[in-house]
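Q: Have a look at the structure that comes next, please.
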Amino acid sequence: MSINLRGRSLLTLKDFTALEINYLLSLSKDLKSKKRAGIKGDLLSGRNIVLLFEKASTRTRCAFEVAAYDEGAQVTFLTNSQMGKKESLEDTANVLGRFYDGIEFRGFAQETVEGLAEHSGVPVWNGLTDLYHPTQVLADVMTMQEHIAKPVNQMKLVYSGDARNNVANSLMIIAAKLGMDFTAVAPATLFPEEDLLKEMQELGKVSGSTIAVTEDIAEGVKGADAIYTDVWVSMGEEDQMEERIKLLTPYQVNSKMMKLTGNPDTKFLHCLPAFHDLNTSIGKDVKEKFGLSEMEVTDEVFRSPNSVVFDEAENRMHTIKAIMCATAGNL
Numbered sequence: 248m249s250i251n252l253r254g255r256s257l258l259t260l261k262d263f264t265a266l267e268i269n270y271l272l273s274l275s276k277d278l279k280s281k282k283r284a285g286i287k288g289d290l291l292s293g294r295n296i297v298l299l300f301e302k303a304s305t306r307t308r309c310a311f312e313v314a315a316y317d318e319g320a321q322v323t324f325l326t327n328s329q330m331g332k333k334e335s336l337e338d339t340a341n342v343l344g345r346f347y348d349g350i351e352f353r354g355f356a357q358e359t360v361e362g363l364a365e366h367s368g369v370p371v372w373n374g375l376t377d378l379y380h381p382t383q384v385l386a387d388v389m390t391m392q393e394h395i396a397k398p399v400n401q402m403k404l405v406y407s408g409d410a411r412n413n414v415a416n417s418l419m420i421i422a423a424k425l426g427m428d429f430t431a432v433a434p435a436t437l438f439p440e441e442d443l444l445k446e447m448q449e450l451g452k453v454s455g456s457t458i459a460v461t462e463d464i465a466e467g468v469k470g471a472d473a474i475y476t477d478v479w480v481s482m483g484e485e486d487q488m489e490e491r492i493k494l495l496t497p498y499q500v501n502s503k504m505m506k507l508t509g510n511p512d513t514k515f516l517h518c519l520p521a522f523h524d525l526n527t528s529i530g531k532d533v534k535e536k537f538g539l540s541e542m543e544v545t546d547e548v549f550r551s552p553n554s555v556v557f558d559e560a561e562n563r564m565h566t567i568k569a570i571m572c573a574t575a576g577n578l
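Under this note's numbering, the residues of the sequence shown are numbered 248 to 578, in order.
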């Protein structure tokens, strides 16, 4: 069956079928092989891409820029637009849609990326909002496929930590779409939003996925093929640091949790950046205020052979390239 995603926006993976997601993953692998072989691409030749950023970034910005350049596109990085200040979102979207063939947005409100898609007339890609992070979880699943010797619909992924953040939401969505078992291990106050959880559990009944949440760490991580975590405090929530530390310290990914899986090959994933040592200003500040040298993951696990975080980071570029080529390229 032919898959045609030309002109489509990626705002959340809820909008994509399992077939379409698997197509993007397959294309990502092909594009990764092409780059490794040193083959210069032209799938985005003649295209102009704009990156709109409200939040700081390393991987998302670099992945979009390198991916675009690899396939022949030109990129504008825009952080000082008049959108929402002197010009409405609708007017900005209309203008950018006249200049560019695709728009990436990384920021706070999901409504912003949806408004850009509604009014620009070109594909819009969600590089992160407070609700969803779809480009991240495509890279996560690609990494799991590379490192776990079983089909996706036979894998179990466990997320430990703040299970109502954008990454956890998107992992639950892609798991339910692809038939992967997913368990969020978290304190009850940080469980996923109830409506989304129920929606994905219903979808899982069709795809063969079991979507679960629990406070019980030992039960939740049992049999995990991969354990995933993220920072305890998302961008914009820095004032909640003390509360989150109290809530989430029991859910730190450490060697004890990895052993509780009963699987010596359990992989460790993290979207990065990670607070696993004291080599950052925030890490030093947390140490001074709260006495913690490591937060959501220990340095031992982060640097262990089971950790695939840097392959995962690289795969951001390949999956983002696939998204842009499939929706705005010459495929």
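Built from N, CA and C at the ideal position, the CB exists for glycine as well. What you are looking at is a predicted structure, and each value in this text was computed from that prediction instead of being measured.
What would DSSP say about ASP558, mapped onto helix, strand or coil?
A: By 1-based counting over the sequence shown, the position of residue 558 is 311. Note: ASP558 maps to helix in three-state DSSP.
Q: Sort out for me which residues DSSP pairs VAL322 with in a bridge.
A: As a working note, residue 322 is residue 75 in the sequence shown. Looking at the DSSP assignment, VAL322 forms a beta bridge with ILE296.
Q: Can you tell me which of LEU444, ASP477, VAL453 puts its alpha carbon nearest to the alpha carbon of THR461?
A: As a working mapping, residue 461 is identified with position 214 in the sequence shown. Residue LEU444 is the option with its Cα nearest to THR461.
Q: Identify whether ARG353 lies in helix, strand or coil by the three-state DSSP scheme.
A: The residue labelled residue 353 in the question sits at position 106 within the sequence shown. If DSSP states are grouped into helix, strand and coil, ARG353 belongs with the strands.
Q: Starting from the Cα of PHE346, find the closest Cα among LEU385, ARG308, THR376, GLY293 and give me that residue.
A: Mapped onto the sequence shown, residue 346 falls at position 99. Nearest option by C-alpha distance: GLY293.
Q: Mind listing, in chain order, the continuous alpha helix (DSSP H) runs of no fewer than 4 residues lying wholly within the segment 433 to 472?
A: For the segment 433 to 472, whole alpha helix (DSSP H) runs of length 4 or above, ordered along the chain, are 441 to 454, 464 to 468.
Q: Report the partner residues of TYR588 according to the DSSP bridge assignment.
A: No answer is possible for residue 588: the residues shown for the chain start at 248 and end at 578.
Q: What is the C-beta distance between TYR498 and VAL432, in whole angstroms, given that I count them as a contact (C-beta under 8 Å)?
A: Within the sequence shown, numbered from 1, the residue matching residue 498 stands at position 251. Within the sequence shown, numbered from 1, the residue matching residue 432 stands at position 185. So it is a contact: roughly 6 Å between Cβ atoms.
Q: Could you tell me the alpha carbon to alpha carbon distance between TRP479 and GLU543, rounded to whole angstroms?
A: Stepping through the sequence shown from its first residue, residue 479 is reached at position 232. Stepping through the sequence shown from its first residue, residue 543 is reached at position 296. Those two C-alpha atoms are separated by around 6 Å.
Q: Going along the chain, which residues of its own chain have a beta-carbon closer than 6 Å to the beta-carbon of VAL555, five neighbours each way excluded?
A: Within the sequence shown, the letter at position 308 stands for residue 555. Excluding residues within five positions, the ones whose Cβ falls inside 6 Å are THR390, HIS394, LYS514.
Q: Please list, in chain order, all residues of the same chain as THR326 whose beta carbon is under 6 Å from its beta carbon, the five residues on each side excluded.
A: The residue labelled residue 326 in the question sits at position 79 within the sequence shown. Excluding residues within five positions, the ones whose Cβ falls inside 6 Å are PHE300.
Q: Indicate the three-state DSSP secondary structure (helix, strand or coil) for LYS302 in the structure shown.
A: Residue mapping note: residue 302 aligns to position 55 of the sequence shown, counting from 1. Three-state result, LYS302: coil.
Q: Evaluate GLY509 with the Cβ neighbour count: other Cβ atoms within 10 Å of its Cβ, from every protein chain shown; 16 or more gives buried, anything less gives exposed.
A: Taking the sequence shown and counting its residues from 1, the one referred to as residue 509 is at position 262. That one is exposed.
Q: With three or more C-beta pairs closer than 8 Å as the rule, is the segment 417 to 436 touching the segment 554 to 572?
A: With a cut-off of 8 Å, the segment 417 to 436 and the segment 554 to 572 do not count as touching, because too few Cβ pairs lie within range.
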